[in-house]
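A.B. asks: Keeping their order, the protein sequence lines are chains G and B.
If you're matching positions, the first sequence starts at 1 in the numbering used here and goes up one per residue.
If you're matching positions, the second sequence starts at 219 in the numbering used here and goes up one per residue.
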Amino acid sequence: MLDVHIEKQLNHFMLDVSFQVEDEIVALFGPSGAGKTSILECIAGLSRSDKGHIRLNNRILSENKQTIVPIQHRKIGYLFQSYALFPHKTVWDNIAYGMKSEDFAKQLMRELGITHVRDAYPHMISGGEKQRVAIARAIATEPDVLLLDEPFSALDDDTKNRGHEELLRIHTLWKIPVILVTHSHAEAEKLASKILYIHEGTLHPERISNAHKKLKNL
Amino acid sequence: MLPLVLPPTVVGFGLLYLFGKNGLIGKLLLEVFDVQVVFTWYAVIIAAVVVSFPLMYQSASAAFQQYDPNVENAALTMGASPFKVFMTISFPLAWPGLLSGLVLTFARALGEFGATLMIAGYIPNVTDTIPLAIYFAVESGNMEMATFWVVIIISLGFSAMLWLNWWSKRNMLKYTEQRNRP
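(1) Please report how far the alpha carbon of Trp367 of chain B lies from the alpha carbon of Ile352 of chain B, in whole angstroms.
(2) Verify the CB distance criterion: does Gly297 of chain B have a CB-CB separation below 7 Å to chain G?
(3) For Ile95 of chain G versus Val145 of chain G, is the C-beta spacing smaller than 7 Å?
(4) Does the count of Cβ pairs from the segment 375–383 of chain B and the segment 320–335 of chain B closer than 8 Å reach three?
(5) Just to confirm my understanding: we take Gln254 of chain B, look at its own chain, exclude 5 residues before and 5 after, and list those with CB closer than 8 Å. What are they?
(6) Give me the residue from G:His199, G:Glu200, G:His171 with the minimum Cα distance to Val223 of chain G.
(7) Got a sec: which bits of the segment 278–295 of chain B sit with their beta carbon under 8 Å from any beta carbon on chain G, in order along the chain?
(8) Is it true that the CB of Gly98 of chain G sits closer than 7 Å to the CB of Thr141 of chain G?
(9) What does Val303 of chain B pair with, by DSSP beta-bridge criteria?
(10) When burial is assigned at 16 or more other CB atoms within 10 Å of the CB, is Ile54 of chain G buried or exposed?
(11) Hey, could you find the ends of the beta strand (DSSP E) Asp119 of chain G is sitting in?
(12) How big is the Cα-Cα spacing for Phe338 of chain B and Ser318 of chain B?
(13) Restricting to runs no shorter than 4 residues, where is the alpha helix (DSSP H) found entirely within the segment 157–210 of chain G?
(14) Let's see if you can read the secondary structure: which residues bound the beta strand (DSSP E) around Leu147 of chain G?
(15) Can you confirm whether the segment 65–74 of chain G touches the segment 295–302 of chain B when touching is taken to mean that 3 or more C-beta pairs between the two stretches lie within less than 8 Å?
(16) Anyone know if the C-beta pair for Asn242 of chain B and Leu236 of chain B falls short of 7 Å?
(17) So, helix, strand or coil for Gln283 of chain B, using DSSP?
(18) Name the residues in the segment 17–48 of chain G whose C-beta lies less than 9 Å from a C-beta of chain B; which are they?
(19) Tell me the DSSP secondary structure of Arg59 of chain G in three-state form.
(20) First and last residue of the beta strand (DSSP E) that includes Ala27 of chain G?
(21) Could you tell me how far apart the beta carbons of Ala266 of chain B and Gly230 of chain B are, in whole angstroms, since I believe they sit closer than 8 Å?
(22) With 7 Å set as the bound, which would you pick, yes or no: does the beta-carbon of Gln131 of chain G sit closer than that to a beta-carbon of chain B?
(23) Indicate the three-state DSSP secondary structure (helix, strand or coil) for Leu46 of chain G in the structure shown.
(24) Which of helix, strand or coil does DSSP assign to Gly244 of chain B?
(25) Is there a Cβ from chain B that is less than 7 Å from the Cβ of Gln72 of chain G?
Structural data, given as structure tokens:
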């Protein structure tokens, strides 16, 4: 279980959130600049909070301003909005960079249908393929938690829908906590078992229940 | 960055002030290591390095800023140590920019005149660089010798620029989609 409490002064407001994520997909939903990416960065250790803590399966990753477990030992899979694939490495070298087992990495490539682009460089493949390579690369490290920062925002509708299905399938295969940052309400409702609505750095529970009411009515 | 905007003679004056027998660094070197820098080939190197350093600094900082910083963050989250990230991600991605900076810096250093003359003087077979040799050959009316060195330095500069153009076209955009765009 991932236990998050972050207090951090951002440019225009104070980020102050607390939530827990079991082995489920939780959507962080809200407008641009609401502090969604900052939350992911604090969990991954890419930025520090002023107060609070990040605990993953009873292991304290950070407490207040102190980093207890550095980024490279946190076992966190992070999918960046820009995918951040290594442009000078082939698809396979990207996936192999942090993989734990070669067999598992190859299985992932088969599952995600990217075996045919194994030797291509990132600039040679399509947006949908890039996104699948980035997911494969993140999961190949066998992380304890997966952070997805708007992974579908740059894709066309068809590719987006396929991406949604793949995420759900991956999650049933590897049950780990997943945080999905999105500013699409439809996407949050489709994929997540819990939606956290964030606005100017704080979570708004009333919007969460509204979202659930909506879900029930569907 | 100061050496880039100052006249080379002013840089040379500053170096002379620092490395001279009574200068801050010169005095220390003389007392501790018994080494005199001014009017030796060490001085030639110091002048070339100081004058061309800003070019290398500019090229290097541009080279490390031209890629998505999240590729380094991605490598960190995948378990790589900061050293591994530098060796396998940052350095290879910045390498084309670093190399072009290196060539520019080399060409600038090769042509260094003012600061070298100030701190190293012109001592044949000790501190004579090509630009100094050209100047003093012309001054003494030895036009043949001057022409010889001018041709050498033009060919060196020209080949450096040609190679740099060829290399950057080939490698700078190698991993970007722009290259495939019509």
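Every residue, glycine too, gets a C-beta built ideally from N, C-alpha and C.
C.D. replies: The relevant details are as follows:
(1) 6 Å
(2) yes
(3) no
(4) yes
(5) Lys239, Gly244, Leu247, Leu248
(6) This structure does not reach residue 223 of chain G, given that chain G is present from 1 up to 218, and the question cannot be answered.
(7) Tyr285, Asp286, Asn288, Val289, Asn291, Ala292, Ala293, Leu294, Thr295
(8) yes
(9) According to DSSP, which records beta bridges pairwise, Val303 of chain B is partnered with nothing at all.
(10) buried
(11) Here Asp119 of chain G belongs to no beta strand (DSSP E), and DSSP marks it neither H nor E.
(12) A quick correction: the sequence has Ala, not Phe, at residue 338 of chain B. Straight-line Cα distance between these residues: approximately 28 Å.
(13) 157–173, 185–191
(14) 145–149
(15) yes
(16) One point to set straight first is that residue 242 of chain B is Leu, not Asn, in the sequence displayed. A contact, by the Cβ cut-off of 7 Å.
(17) coil
(18) Glu41, Ala44, Gly45, Leu46
(19) strand
(20) 25–29
(21) So it is not a contact: roughly 11 Å between Cβ atoms.
(22) no
(23) coil
(24) helix
(25) yes
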